[in-house]
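Asker: Here it is, the structure, as structure tokens.
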Amino acid sequence: MKSVVNKAYMAEDQPRYRFDPREKYSGSSPCSSDEYSSYSSENDQGQIFRSSSRSPGPPATRSPQNLEGHQGSAEMENDKSKEPSQKDPISEGEFLPDDIKQIIGDDPHTKTPATVLIHQSIASRWSHILRNGIPRDELSSLLESLPVPSNLPELSAPKLNPEISEIINNPQKTKDSYYTSLQDRTAAGLSALAQALSVFIVESENLDGKIKDEVLPKIWEAGRIFASLFHRLSMTRRSNILPSLHPTVKKLVLGVNPSDHLFGENLAERIKAKRGIEGLAKVLKPTRPNLSHCNVLVRTDNTTALASVNKMGSVRHKEFNDLARKIWQWCEERDIWLLASYIQSKENVEADRASRLLPTDTEWMLGPDFFTKIRPASPTGEEPYPGSREVIRKAFQRQGIPESALNTTLNSLSEGTIRQYGITYKAWWSFCESIHESPFNVNSKSVILFFEKLLSSTTNRFNAFNSHRAALSLISDQPIGRNMLVKRYLKGIFRQRPPAPRYQTTWDPQIVLDYLETTTGSDLKAQSFKLVTLLTLATGQRLQTISTIRIPNITMSAEGARVRISDFIKTTSPNSAQPCLHLPFFDAKPSLCAARCLQTYIELTKDLRSTDSDKLFVCYKKPHKPATKQTLSRWVKETLTSAGVDTTIFKPHSTRHASTSAADRKGLAIECIRKTAGWTSKSTTFAKFYKLPLAQTGNFLHTVFDQSEDN
1 MKSVVNKAYM
11 AEDQPRYRFD
21 PREKYSGSSP
31 CSSDEYSSYS
41 SENDQGQIFR
51 SSSRSPGPPA
61 TRSPQNLEGH
71 QGSAEMENDK
81 SKEPSQKDPI
91 SEGEFLPDDI
101 KQIIGDDPHT
111 KTPATVLIHQ
121 SIASRWSHIL
131 RNGIPRDELS
141 SLLESLPVPS
151 NLPELSAPKL
161 NPEISEIINN
171 PQKTKDSYYT
181 SLQDRTAAGL
191 SALAQALSVF
201 IVESENLDGK
211 IKDEVLPKIW
221 EAGRIFASLF
231 HRLSMTRRSN
241 ILPSLHPTVK
251 KLVLGVNPSD
261 HLFGENLAER
271 IKAKRGIEGL
281 AKVLKPTRPN
291 LSHCNVLVRT
301 DNTTALASVN
311 KMGSVRHKEF
321 NDLARKIWQW
331 CEERDIWLLA
341 SYIQSKENVE
351 ADRASRLLPT
361 DTEWMLGPDF
371 FTKIRPASPT
381 GEEPYPGSRE
391 VIRKAFQRQG
401 IPESALNTTL
411 NSLSEGTIRQ
421 YGITYKAWWS
431 FCESIHESPF
441 NVNSKSVILF
451 FEKLLSSTTN
461 RFNAFNSHRA
471 ALSLISDQPI
481 GRNMLVKRYL
491 KGIFRQRPPA
501 PRYQTTWDPQ
511 IVLDYLETTT
521 GSDLKAQSFK
531 LVTLLTLATG
541 QRLQTISTIR
551 IPNITMSAEG
561 ARVRISDFIK
571 TTSPNSAQPC
581 LHLPFFDAKP
591 SLCAARCLQT
601 YIELTKDLRS
611 TDSDKLFVCY
621 KKPHKPATKQ
631 TLSRWVKETL
641 TSAGVDTTIF
651 KPHSTRHAST
661 SAADRKGLAI
671 ECIRKTAGWT
681 SKSTTFAKFY
691 KLPLAQTGNF
701 LHTVFDQSED
711 N
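Laid out in structure tokens, this is it:
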């Protein structure tokens, strides 16, 4: 019996297992948690030992006393069959609580990839193209039939910059040409998709719901994928060429997106500017280590380097800005004040001679062909006009206002004032360039010369010169407006070109009211024109005030409408009340009632007004954005023209003159006119400029010569 046991061990050391079909199994392993799996191992004598373990493992866990022939094995199996079956929590991985499954996720082995079926006729034809491609002649004609849309030039494959083409080898050029052809084919596919998508969008109202929900999204996603592929091809072309570029050029082009050219536009100019700033940084290296507490003048023919240094940075190129900041930080540590001055290239003899002494392998230069293209286009070296807001900002900085307080100080000026002063600053900037003076060096002599130039070249009257004086006083370090010489000169302009009001007469509002009374259109355009014109005539307010009306500030009552103005307007000042417009119902002529017209307009536009704006007036064309003051001005002008008012003489603002003058002619108290139109109780503006007689239409000659009534 001992030998049998030993042979049994030998048989299990190198088992030959076979599955017993009489037994059942379930799950992912041949062993079930409910039933014992039966495996048999046959030894050399043909004896079979039953294993009641869950898996065919080594017999190390068994006791030799239990392996005494068939009887022992059977008894052991019978004993274990009586024990209740238990599930192993480690092996039974399928039985997981929902919260645990949410943490560890689904079993990836149980997932099946999504399958999509297309029409068999498409599959068979595309399968042939995928294996064999499209014949060259057919492909050429196909590409010609799908040109790049004229309003999407970005769909053309970017051209290789000529500067780059000169330095790469032929294999790289061939490879780039190959990727360019791929982009051309991708562009043709995108063009086809875009044309189909455009048709669907134009005919969207006539499309079936299934096409909108299923076809359009697929076409759109296909277009996005092709557009992404087109961009990826451009970046692949760049990555193939970048290793061949100089590190300086590589750093310069990395942050530039492809445009008409692969590495951006004006690459030669950007390279030249970059080298100029780097050369300037080398010039600043001190000849002795203790250089400090001094002024340094750098003369250069590179205008980009000059501007970057004098402005202490650059707004167009980040790398120029960073380098300029490093230069100024270096100077600040040594108490060095730096100034860059322009010198013409033909006069820059010393720098030219020094550059020719450098070893040829330490510097690189542009090819002669490209240099001849760049040289005629070199700028004059004068700093370009930066805009009125930037001029005022720089002036405030020079006057000592801290950087953190600049924005707050700029808010003291309205946008209209900044735009008006911009006319002065642009002309002043050009004048200072002609006399080679700094625009911020505002002195009495230069101001008088500037005014004299304007006096001889324009027909401006005293009012315009007074506005120029105010603009220049704002950026001057000294009170130039109170300078005796400037005041004396302006007095001469006052006598030579005295101020004159825009209008000597005004028009009769009844002409426009008669026209509006016949306007009965219910469309949005007609209601918009009618309401804004009625409001200007009924209130005497400026169009700027009318444009700021908001829906929440309108209160309707049995007497009429009450409109509060909460926005900042021209007459807003500290300790002064904002205007409040009263529009009583005009029962005598309902068609001219501004309050009723206001109600109709609000009801007509309630579904058109966007949720992010509560302005009263919206554009009558889609997408119905809030109407600006300029838009309202055009509406009033068209209404006046249609009513018969001569708009070549009278502007939209003349409604303020016409309404207030009409109220005065009909005997309304001057205090009521001032209060309604927004003037203070002590204001003389109405009496000086707005109280005008009607334009006379009678003809003296016809009256004298007409003898039809002489009998």
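UniProt numbering puts the sequence shown at residues 1 to 711.
Heads up, the beta-carbon is just placed ideally off N, CA and C, and yes, glycines get one too.
Keep in mind that this is a model prediction, so the values were computed, not measured.
For residue 712 versus N553, is the C-beta spacing smaller than 7 Å?
Answerer: The requested residue 712 is not part of the displayed model; the chain covers only 1 to 711.
Asker: Identify, in the order they occur along the chain, each residue of the same chain with its Cβ nearer than 6 Å to the Cβ of F529, setting aside the five sequence neighbours on each side.
Answerer: Along the sequence shown, one-based indexing puts residue 529 at 529. The answer, listed in chain order, is W635, T639.
Asker: So, is W507 buried or exposed, given that buried needs 16 or more other C-beta atoms within 10 angstroms?
Answerer: Residue mapping note: residue 507 aligns to position 507 of the sequence shown, counting from 1. The residue is buried, with at least 16 neighbouring Cβ atoms inside 10 Å.
Asker: Going straight from the alpha carbon of P626 to that of T545, what length do you get?
Answerer: Reading the sequence shown from its first residue, position 626 is the one you call residue 626. Reading the sequence shown from its first residue, position 545 is the one you call residue 545. Rounded to whole angstroms, P626 to T545 spans 15 Å at the Cα level.
Asker: Counting C-beta neighbours from all protein chains within 10 Å, is the total for S388 16 or more, i.e. buried, or is it exposed?
Answerer: Your numbering for residue 388 matches position 388 in the sequence shown. That one is buried.
Asker: Since M312 sits in a beta bridge, which residues does DSSP pair it with?
Answerer: The residue given as residue 312 occupies position 312 in the sequence shown. DSSP lists no partner for M312.
Asker: Once you ignore the five residues that flank F585 on each side, which residues in its own chain have a CB closer than 8 Å to its CB?
Answerer: Taking the sequence shown and counting its residues from 1, one reaches residue 585 at position 585. Correct list, in chain order: E559, G560, C593, A595, R596.
Asker: When burial is assigned at 16 or more other CB atoms within 10 Å of the CB, is F568 buried or exposed?
Answerer: For the purposes of this step, residue 568 is taken as residue 568 along the sequence shown, with counting starting at 1. Exposed, because fewer than 16 other Cβ atoms sit within 10 Å of the Cβ of F568.
Asker: Do three or more CB pairs link the stretch 405-423 to the stretch 320-339 at distances below 8 Å?
Answerer: Flag = no, the stretch 405-423 and the stretch 320-339 do not touch.
Asker: My output table needs one value for S659: the three-state DSSP class, helix, strand or coil.
Answerer: Within the sequence shown, residue 659 is the residue found at index 659, counting from 1. Helix, per DSSP.
Asker: In angstroms with no decimal places, state the Cα-to-Cα distance between A340 and A395.
Answerer: Within the sequence shown, numbered from 1, the residue matching residue 340 stands at position 340. Within the sequence shown, numbered from 1, the residue matching residue 395 stands at position 395. One C-alpha to the other measures close to 20 Å.
Asker: If we ignore side chains and look at the alpha-carbon of each, how far apart do K589 and L632 end up?
Answerer: For this step, residue 589 is matched to residue 589 along the sequence shown. For this step, residue 632 is matched to residue 632 along the sequence shown. The straight-line gap from Cα to Cα measures roughly 24 Å.
Asker: Give a yes or no on whether the C-beta atoms belonging to P499 and N463 are separated by under 7 Å.
Answerer: What you label residue 499 is simply residue 499 of the sequence shown in a count that begins at 1. What you label residue 463 is simply residue 463 of the sequence shown in a count that begins at 1. Going by C-beta atoms, P499 is nearer than 7 Å to N463.
Asker: What residues match up with K159 in a beta bridge as DSSP calls it?
Answerer: Counting from 1 along the sequence shown, the entry for residue 159 is found at position 159. K159 is bridged to H261.
Asker: Are the beta-carbon atoms belonging to D614 and I551 less than 7 Å from one another?
Answerer: Mapped onto the sequence shown, residue 614 falls at position 614. Mapped onto the sequence shown, residue 551 falls at position 551. Taking 7 Å as the Cβ cut-off, D614 and I551 qualify as a contacting pair.
Asker: Taking a contact to mean a Cβ-Cβ separation below 7 Å, would you say R562 touches H582 in this structure?
Answerer: Looking up residue 562 in the sequence shown gives position 562. Looking up residue 582 in the sequence shown gives position 582. It is a contact, given that the beta carbons lie within the stated cut-off.
Asker: For R609, which of helix, strand or coil comes out of DSSP?
Answerer: Along the sequence shown, read from residue 1 onward, the residue named residue 609 stands at position 609. Coil, per DSSP.
Asker: Please name the residue in H624, F617, R224, V512 whose C-alpha comes closest to that of T641.
Answerer: Residue mapping note: residue 641 aligns to position 641 of the sequence shown, counting from 1. It is V512 whose Cα lies nearest to the Cα of T641.
Asker: Considering only the beta carbon of each residue, do L242 and K250 sit closer than 7 Å?
Answerer: Along the sequence shown, read from residue 1 onward, the residue named residue 242 stands at position 242. Along the sequence shown, read from residue 1 onward, the residue named residue 250 stands at position 250. Contact: yes.
Asker: Just confirm the distance between the C-beta atoms of L193 and I219, as a whole number of angstroms; I'd bet it's less than 8 Å.
Answerer: Sequence index remark: in the sequence shown, residue 193 carries index 193 (1-based). Sequence index remark: in the sequence shown, residue 219 carries index 219 (1-based). Between I219 and L193 the Cβ distance is about 6 Å, and since that is below 8 Å, they are a contact.
Asker: Is it right to say P439 is buried, meaning 16 or more other beta carbons lie within 10 angstroms of its own, or is it exposed?
Answerer: Locating residue 439 in the sequence shown gives position 439, where the first residue counts as 1. Answer is buried; the Cβ neighbour count reaches 16.
Asker: Following the continuous alpha helix (DSSP H) through C432, name the residue where it begins and the one where it ends.
Answerer: Taking the first residue of the sequence shown as 1, we reach residue 432 at position 432. From DSSP, the alpha helix (DSSP H) with C432 extends over 415-435.
Asker: Can you check the stretch 504-584 for any beta strand (DSSP E) of at least 3 residues that lies completely inside it and give the ranges in chain order?
Answerer: As far as the stretch 504-584 is concerned, its whole beta strand (DSSP E) runs of at least 3 residues are 554-556, 560-564, 580-584.
Asker: Could you tell me if A538 is buried or exposed, where buried requires 16 or more neighbouring beta carbons within 10 angstroms of its beta carbon?
Answerer: If you number the sequence shown from 1, residue 538 lands on position 538. Per the 10 Å Cβ criterion, buried.
Asker: Compute the Euclidean distance between the alpha carbons of residue 712 and T555, then round it to the nearest angstrom.
Answerer: Residue 712 cannot be examined here, being either before or after the span of the chain that is shown, 1 to 711.
Asker: By Cβ distance, which residues of its chain are closer than 8 Å to T605, with the 5 residues on each side in sequence left out?
Answerer: The count along the sequence shown starts at 1 and reaches residue 605 at position 605. For T605, where only same-chain residues beyond five positions count, the Cβ hits under 8 Å are L524, V618, H624.
Asker: Is the separation between the beta-carbon of A187 and that of L155 shorter than 7 Å?
Answerer: One-based indexing of the sequence shown puts residue 187 at position 187. One-based indexing of the sequence shown puts residue 155 at position 155. Contact flag set, yes.
Asker: Using 10 angstroms around the beta-carbon of Y601, count the other beta-carbons present and answer buried if the total reaches 16, otherwise exposed.
Answerer: Counted from its first residue, the sequence shown places residue 601 at position 601. When all chains shown are included, Y601 counts as buried.
Asker: Are three or more beta carbon pairs between the stretch 437-456 and the stretch 481-499 nearer than 8 Å?
Answerer: Counting Cβ pairs under 8 Å, three or more are found: they touch.
Asker: Let me confirm a value: residue 713 is counted as buried when at least 16 other C-beta atoms fall within 10 Å, else exposed. Which label applies?
Answerer: There is no way to answer for residue 713, as the model of the chain reaches only from 1 to 711.
Asker: If you draw a straight line from the C-alpha of R398 to the C-alpha of L472, how long is it?
Answerer: Looking up residue 398 in the sequence shown gives position 398. Looking up residue 472 in the sequence shown gives position 472. Their Cα atoms are separated by approximately 14 Å.
Asker: Compute the Euclidean distance between the alpha carbons of Q344 and Q478, then round it to the nearest angstrom.
Answerer: On the sequence shown, position 344 is the one that residue 344 refers to. On the sequence shown, position 478 is the one that residue 478 refers to. Approximately 34 Å, taken between the alpha carbons.
Asker: Considering residue 743, what are the terminal residues of the beta strand (DSSP E) in which it resides?
Answerer: Nothing can be reported for residue 743: it is not among the residues displayed for the chain, which extend from 1 to 711.
Asker: From H128 to E221, what does the alpha carbon distance come to, in whole angstroms?
Answerer: The residue labelled residue 128 in the question sits at position 128 within the sequence shown. The residue labelled residue 221 in the question sits at position 221 within the sequence shown. If you take the alpha carbons of H128 and E221, they lie about 24 Å apart.
Asker: Kindly provide the ranges of any alpha helix (DSSP H) runs that are 4 or more residues long and lie completely inside the stretch 461-494, ordered along the chain.
Answerer: Those alpha helix (DSSP H) runs which fall completely within the stretch 461-494 and span 4+ residues are 462-475.
Asker: Please return the same chain residues whose Cβ sits closer than 8 Å to the Cβ of S244, not counting the five positions on each side in sequence.
Answerer: Along the sequence shown, read from residue 1 onward, the residue named residue 244 stands at position 244. Only I167, I168, N169, Q172 meet the Cβ criterion.
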